[in-house]
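Inspection log for the structure reproduced underneath, given as structure tokens.
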Amino acid sequence: MRPGEAAAWAPASGTTPRWPALFPAPQPVPEPAPGPVAHGTRPRQGGVLLHDVRWPLTDEETARAYGGGAYGEPEPRLQGDGLGEHFADLGARPSALGWAAGEALLAAVDAAGLSGHGGAHVPVAVKWRAARQAHSPLTVVANGAESEPLSVKDATLLRQRPHLVLDGLALAAEALDAGRVVVWLHGADGVTRRVVQAAVAERRAAGEPGPLVEVVSGPSHYLAGESSAIAAGLDGRPALPTVRRPAAPGAPRTLVHNVETLARLALLARGLPSMDTVLVTVVGPGGRHVSEVDRGSSLVDVLHRGGWPWGEPPAGVLLGGFGGAWAAWADLQRATVDEHSLRAAGLSLGAGILAPLPAGVCPVAETAAIATYLASMSARQCGPCLFGLPAVASSVRRLADSSAPRGERRRLAADLRTIAGRGACHHPDGAVRLVGSLLTVFGEHVEHHARGRRCSGVRMLPVPETP
Amino acid sequence: MTARLRVDPVACDGIGQCALVAPDVVVLDRWGYPVVPEGPLRAGDVAAARRAVVSCPRKALWVEEHARDERAVRPGADAVGRTRS
Numbered sequence: 232m233r234p235g236e237a238a239a240w241a242p243a244s245g246t247t248p249r250w251p252a253l254f255p256a257p258q259p260v261p262e263p264a265p266g267p268v269a270h271g272t273r274p275r276q277g278g279v280l281l282h283d284v285r286w287p288l289t290d291e292e293t294a295r296a297y298g299g300g301a302y303g304e305p306e307p308r309l310q311g312d313g314l315g316e317h318f319a320d321l322g323a324r325p326s327a328l329g330w331a332a333g334e335a336l337l338a339a340v341d342a343a344g345l346s347g348h349g350g351a352h353v354p355v356a357v358k359w360r361a362a363r364q365a366h367s368p369l370t371v372v373a374n375g376a377e378s379e380p381l382s383v384k385d386a387t388l389l390r391q392r393p394h395l396v397l398d399g400l401a402l403a404a405e406a407l408d409a410g411r412v413v414v415w416l417h418g419a420d421g422v423t424r425r426v427v428q429a430a431v432a433e434r435r436a437a438g439e440p441g442p443l444v445e446v447v448s449g450p451s452h453y454l455a456g457e458s459s460a461i462a463a464g465l466d467g468r469p470a471l472p473t474v475r476r477p478a479a480p481g482a483p484r485t486l487v488h489n490v491e492t493l494a495r496l497a498l499l500a501r502g503l504p505s506m507d508t509v510l511v512t513v514v515g516p517g518g519r520h521v522s523e524v525d526r527g528s529s530l531v532d533v534l535h536r537g538g539w540p541w542g543e544p545p546a547g548v549l550l551g552g553f554g555g556a557w558a559a560w561a562d563l564q565r566a567t568v569d570e571h572s573l574r575a576a577g578l579s580l581g582a583g584i585l586a587p588l589p590a591g592v593c594p595v596a597e598t599a600a601i602a603t604y605l606a607s608m609s610a611r612q613c614g615p616c617l618f619g620l621p622a623v624a625s626s627v628r629r630l631a632d633s634s635a636p637r638g639e640r641r642r643l644a645a646d647l648r649t650i651a652g653r654g655a656c657h658h659p660d661g662a663v664r665l666v667g668s669l670l671t672v673f674g675e676h677v678e679h680h681a682r683g684r685r686c687s688g689v690r691m692l693p694v695p696e697t698p
Numbered sequence: 259m260t261a262r263l264r265v266d267p268v269a270c271d272g273i274g275q276c277a278l279v280a281p282d283v284v285v286l287d288r289w290g291y292p293v294v295p296e297g298p299l300r301a302g303d304v305a306a307a308r309r310a311v312v313s314c315p316r317k318a319l320w321v322e323e324h325a326r327d328e329r330a331v332r333p334g335a336d337a338v339g340r341t342r343s
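Sequence lines, in order, name chains Z and D.
Using the numbering used here, read the first sequence as starting at 232 and increasing by one per residue.
Using the numbering used here, read the second sequence as starting at 259 and increasing by one per residue.
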């Protein structure tokens with residue numbers, strides 16, 4: 232997630248060269264991108280979630296260019312889909328009230344293979360089956376608090392199609408007989424909050440059937456979108472990750488779905504195509520480009536659509552954001568954005584983030600910056616994360632500086648093995664995955680640093696400054 | 259029945275009593291926090307694991323028992339934004 236303060240972002244200039252510096256010639260941009268969010272060409276076809284949007288590279292730039300805080304946007308562009316247009320496009324929302332209707336929707340979800348789009352890709356049917364077997368009070372949450380600073384697809388979706396997400400939330404709540412229904416947002420995203428609140432009010436005024444929906448702004452830290460942190464926050468405790476300890480029977484439960492997952496559920500329940508596209512954020516020279524791409528699209532095409540320059544291929548691509556992993560360019564040329572085939576190759580798009588690393592940029596320096604940021608974003612609750620991530624980040628920084636003592640890589644690998652899987656949440660696992668992928672994908676480059684040789688040390692990715 | 263030793267890393271303060279009373283089951287990492295076996299406990303280790311549970315001043319450990327072949331069901335388990343490979 233974004234840090235709460237826009238000031239926490241790295242300055243646009245300074246020691247870090249800007250993206251375009253590597254690409255002095257004008258680059259072809261496939262789609263006109265007038266601003267960070269323009270709602271003029273709203274999609275009209277049933278199965279389509281959103282149209283392309285290009286956001287500035289960092290939230291700080293967004294705030295500077297458009298006002299209104301880290302997720303700012305000029306007021307006239309606020310309106311998403313109105314309820315009238317929404318139902319005219321897609322038809323009324325089917326009901327999932329009652330056991331039989333819930334069971335039918337569950338069967339449809341299972342048959343379609345709908346899985347979570349927040350990054351973990353857990354099959355929705357698995358969560359629902361467990362939830363329908365229990366009887367204690369249930370809260371269903373639409374999670375729009377994106378956990379990666381590089382990702383803006385959830386904010387884009389909520390702003391363009393709030394009613395589609397609210398449809399999906401109502402369907403999930405009805406199918407699971409939830410007592411409490413919540414849209415959970417990142418604390419710094421005031422614009423999206425206003426859009427969603429307006430959509431909720433519009434539905435109530437129109438007498439649209441469905442559960443009463445609370446819109447809740449979470450905190451502004453990196454872990455604001457972590458599901459156990461959401462559960463704790465909605466229970467009135469600090470919104471920090473917790474461990475699932477043996478629960479007393481009858482203890483309240485919280486089920487969290489990503490907003491894109493719910494939007495797809497709303498299409499699926501209407502019998503519309505729901506699974507043939509993926510929402511992605513491509514981090515390129517021109518900013519963070521959100522688009523909806525066909526599941527079978529090649530990764531190369533997706534990068535180009537996101538504004539990646541034709542010509543020199545990147546050295547590699549960061550898939551899944553800061554808690555994701557580096558992938559070698561050679562392994563991606565025939566890859567598609569389909570999560571199943573990526574997983575078969577040991578890769579994952581996580582929440583749909585692709586950040587190409589231009590040739591000539593130092594992957595060790597990039598990873599050192601990201602690892603330092605991730606260490607600073609620890610909730611500081613669990614020892615392995617509180618002490619382990621700074622140790623890992625220091626190791627990678629020493630490698631980046633070519634000042635590592637002998638055996639640094641061995642110690643680093645041992646620390647990674649020690650930390651993996653030992654936090655309350657998967658925050659440390661994300662850092663372990665990222666640094667582990669550096670050692671395997673860019674092994675030769677790391678070796679170069681480990682031998683004390685210098686390299687350009689150029690960094691490109693917009694990594695937030697550590698507070 | 260199989261049994262696993264589990265740690266709540268939020269509750270754990272790295273006091274290390276568990277490793278003192280059950281050195282064959284719990285080892286401490288280089289920051290002093292317990293590392294427990296990932297899989298089911300060997301039958302001979304269950305008693306030691308229970309000693310570790312009782313010894314913890316933070317009540318951060320527990321033994322999780324389930325019938326053999328039964329997969330641990332975690333209703334609503336969701337690692338939002340995190341894949342676990």
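Glycine included, each C-beta is placed from N, C-alpha and C at the ideal position.
Quantities reported herein were computed from a predicted structural model and do not represent experimental measurements.
Legend entry - Alpha carbon of Z/Ala500 to alpha carbon of Z/Gly421, nearest angstrom: Going by C-alpha positions, Z/Ala500 is about 30 angstroms away from Z/Gly421.
Inset, instruction - Compare the C-beta of Z/Ala702 with all C-beta atoms of chain D and state if any pair is closer than 8 angstroms. - result: The question about residue 702 of chain Z has no answer here: the residues shown for chain Z are numbered 232 through 698.
Legend entry - Validate contact between the segment 491 to 498 of chain Z and the segment 647 to 655 of chain Z using beta carbons, cut 8 angstroms, 3 pairs: They do not touch, by the three-pair rule.
Inset, instruction - Decide if Z/Glu523 is buried, meaning its Cβ has at least 16 other Cβ atoms within 10 Å, or exposed. - result: Residue environment analysis places Z/Glu523 among the buried positions, since at least 16 neighbouring C-beta atoms fall within 10 angstroms of its C-beta.
Legend entry - Residue nearest to D/Glu296 in terms of C-alpha spacing, selected from D/Ala307, D/Ala269, D/Ala325: Ranking the options by Cα distance to D/Glu296, first place goes to D/Ala307.
Legend entry - Anticipated Cβ contact below 8 angstroms, D/Ala310 with D/Cys276, distance rounded: 4 angstroms between Cβ atoms; contact.
Inset, instruction - Assuming Z/His394 and Z/His317 form a contact by the criterion Cβ under 8 angstroms, report the distance between their Cβ atoms to the nearest whole angstrom. - result: Going by Cβ atoms, the distance from Z/His394 to Z/His317 rounds to 4 angstroms, so yes, they are a contact pair.
Inset, instruction - To the nearest angstrom, report how far apart Z/Ala546 and Z/Gly577 are at their CA atoms. - result: Taking the Cα positions, Z/Ala546 is about 18 angstroms away from Z/Gly577.
Inset, instruction - Taking 8 angstroms as the threshold, find out whether the segment 598 to 608 of chain Z comes into contact with the segment 564 to 572 of chain Z through three or more Cβ pairs. - result: No contact exists between the segment 598 to 608 of chain Z and the segment 564 to 572 of chain Z.
Inset, instruction - Determine the DSSP secondary structure at D/Asp282, reduced to helix, strand or coil. - result: Coil at D/Asp282, not helix or strand.
Legend entry - Members of the segment 446 to 476 of chain Z that neighbour chain D once the beta carbon cut-off is set at 7 angstroms: Those residues of the segment 446 to 476 of chain Z that come within reach of chain D (Cβ to Cβ, closer than 7 angstroms) are Gly456, Glu457, Ser458, Thr473, Val474, Arg475, Arg476.
Legend entry - Helix, strand or coil at D/Trp320 [DSSP, three-state]: Strand at D/Trp320.
Legend entry - CB contact below 8 angstroms: Z/Arg653 versus chain D: Yes, contact with chain D.
Legend entry - Counted within 10 angstroms of its Cβ, other Cβ atoms place D/Met259 as buried (16 or more) or exposed: D/Met259 comes out exposed.
Legend entry - Inter-stretch contact (C-beta, 8 angstroms, three-pair minimum) for the segment 467 to 482 of chain Z and the segment 344 to 362 of chain Z: Verdict: no, contact absent.
Legend entry - Boundaries of the alpha helix (DSSP H) in which Z/Asp525 is found, first to last residue: Z/Asp525 -> not in any alpha helix (DSSP H); beta strand (DSSP E) instead, spanning 518 to 525.
Inset, instruction - Could you please give the first and the last residue of the uninterrupted beta strand (DSSP E) stretch that includes Z/Trp359? - result: Per DSSP, Z/Trp359 belongs to no beta strand (DSSP E); it is in the alpha helix (DSSP H), 355 to 364.
Inset, instruction - For the alpha helix (DSSP H) holding Z/Glu316, just list the boundary residues, first then last. - result: Per DSSP, Z/Glu316 is one residue of the alpha helix (DSSP H) stretching across 314 to 321.
Inset, instruction - Measure the C-alpha to C-alpha separation of Z/Ala376 and Z/Ala596 and round it to an integer number of angstroms. - result: Approximately 28 angstroms, taken between the alpha carbons.
Inset, instruction - Enumerate, from N- to C-terminal direction, the unbroken alpha helix (DSSP H) stretches of 4 or more residues contained entirely within the segment 615 to 663 of chain Z. - result: Taking 4 residues as the shortest admissible run, the segment 615 to 663 of chain Z contains the following complete alpha helix (DSSP H) segments, listed from N- to C-terminal end: 619 to 631, 639 to 650.
Legend entry - Contact with chain D by Z/Val514, beta-carbon distance below 8 angstroms: Using a Cβ-Cβ cut-off of 8 angstroms, Z/Val514 does not count as an interface residue toward chain D, since no Cβ of chain D sits closer than that to its own.
Legend entry - Listed by chain order, chain Z residues near D/Asp282 by CB distance under 7 angstroms: Here the premise fails: no neighbours, minimum Cβ distance about 19 angstroms.
Inset, instruction - Check Z/Glu597 in the structure and name its three-state DSSP category. - result: Z/Glu597: helix per DSSP, three-state reduction.
Legend entry - Between the CA atoms of Z/Ala622 and D/Val268 - distance to the nearest angstrom: The C-alpha of Z/Ala622 is placed about 19 angstroms away from the C-alpha of D/Val268.
Legend entry - Range of the contiguous alpha helix (DSSP H) that encloses Z/Ser174: Coverage of chain Z is limited to positions 232 through 698, which leaves residue 174 of chain Z absent and any answer about it impossible.
Legend entry - Pairwise C-alpha distance: Z/Ala582 and Z/Val396: One C-alpha to the other measures close to 17 angstroms.
Legend entry - Interface flag, Z/Ala256 vs chain D, CB-CB below 8 angstroms: Its pLDDT being 31, under 50, Z/Ala256 is placed unreliably by the model, and the measurement read from it follows with that caveat. Residue-level contact check: Z/Ala256 does not touch chain D, since none of the beta carbons of chain D fall below 8 angstroms from its beta carbon.
Legend entry - Environment of D/Pro333 [buried if 16+ CB atoms lie within 10 Å]: With a pLDDT of 37 at D/Pro333, under the threshold of 50, the modelled position of that residue is not reliable, and no figure is offered here.
Legend entry - Distance, Z/Leu585 Cα to Z/Gly551 Cα: Rounded to whole angstroms, Z/Gly551 to Z/Leu585 spans 6 angstroms at the Cα level.
Inset, instruction - Decide if D/Val312 is buried, meaning its Cβ has at least 16 other Cβ atoms within 10 Å, or exposed. - result: Exposed: under 16 other Cβ atoms inside 10 Å.
Legend entry - the segment 527 to 546 of chain Z contacting the segment 505 to 516 of chain Z, beta-carbon criterion three pairs below 8 angstroms: Using a C-beta cut-off of 8 angstroms, the segment 527 to 546 of chain Z makes contact with the segment 505 to 516 of chain Z, since at least three inter-stretch Cβ pairs fall below that distance.
Legend entry - Contact under 8 angstroms by Cβ, Z/Leu416 with Z/Val431: Not in contact: Z/Leu416 and Z/Val431 (Cβ atoms no closer than 8 angstroms).
Legend entry - Nearest-angstrom Cβ-Cβ length linking Z/Ala556 and Z/Leu692, presumed shorter than 8 angstroms: Actually they are not in contact, since the Cβ atoms of Z/Ala556 and Z/Leu692 sit about 14 angstroms apart, beyond 8 angstroms.
Inset, instruction - Under 9 angstroms between beta-carbons, which chain D residues line up against Z/Pro215? List them in chain order, please. - result: With chain Z running from 232 to 698 in the structure shown, residue 215 of chain Z is simply not present.
Legend entry - Inter-residue Cα distance where the pair is Z/Val548 and Z/Ala590: When rounded, the distance between both Cα atoms is 11 angstroms.
Inset, instruction - Using a Cβ-Cβ cut-off of 8 angstroms, state whether Z/Leu692 counts as contacting chain D. - result: With 8 angstroms as the cut-off, Z/Leu692 does not count as an interface residue toward chain D.
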